[in-house]
Every structure is written in C-alpha cells, then in structure tokens.
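K.L.:
Numbering (our numbering), first residue to last: 14 to 69. We put the CB at the ideal spot given by N, CA and C, even for glycine. All of these numbers come straight from a predicted model, not from anything done at the bench.
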Amino acid sequence: MSFALYMIGFVIFLGGLVWGAVEAGVPHLYIGIGALIFPGIGIFSAVSRTRSKDPS
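1. Please confirm whether any heavy atom of the ligand ZN lies closer than 6 Å to the CB of Y43.
2. Please report the distance separating the alpha-carbon of S61 from that of G29.
3. Alpha carbon to alpha carbon, what distance is there between E36 and I93?
4. Starting from the C-beta of F16, find all residues in its chain whose C-beta is less than 6 Å away, skip the five residues before and the five after it, and write them out in chain order.
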C-alpha cells in the first residue's frame with residue numbers, strides 16, 4: 014500500500030514538473046525525455062523505501 018501511495022505522489026509531482034516545463038517553453042523533446050527518466054527514478058526510490066528488510 015505504501016508503494017502505491019509513493020507512486021501516486023510521484024506521478025502528481027511529475028505532472029507538475031511537465032506542466033511547468035510546458036508553460037516555461039521547454040522543447041517537447043526534452044519534456045518527453047524527462048518524462049521517461051523521472052518515472053524510472055521514482056520506481057527505484059519507491060522500491061528502496063518501501064521494501065521490507067531481510068531478517069538477519
């Protein structure tokens with residue numbers, strides 16, 4: 014459940030970044046590249062923050 018909440022928050026954050034970039038006049042190619050890279054970063058960080066630690 015916390016993974017889903019983390020990803021929903023990240024999608025909202027990414028939407029704000031894309032909207033701001035469009036309003037600032039950033040070329041669509043760069044927005045598309047960023048829109049592909051940032052979700053990967055979000056998934057990596059969501060998995061690392063929400064996975065349970067292995068018992069030792």
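P.N.:
On the basis of the coordinates in this document:
1. Of the ligands one can find in the structure shown there are none, so the ligand ZN has no counterpart to examine.
2. 23 Å
3. The structure shown does not extend to residue 93, since the chain spans only 14 to 69, so no value can be given for it.
4. Correct list, in chain order: A59 and T63.
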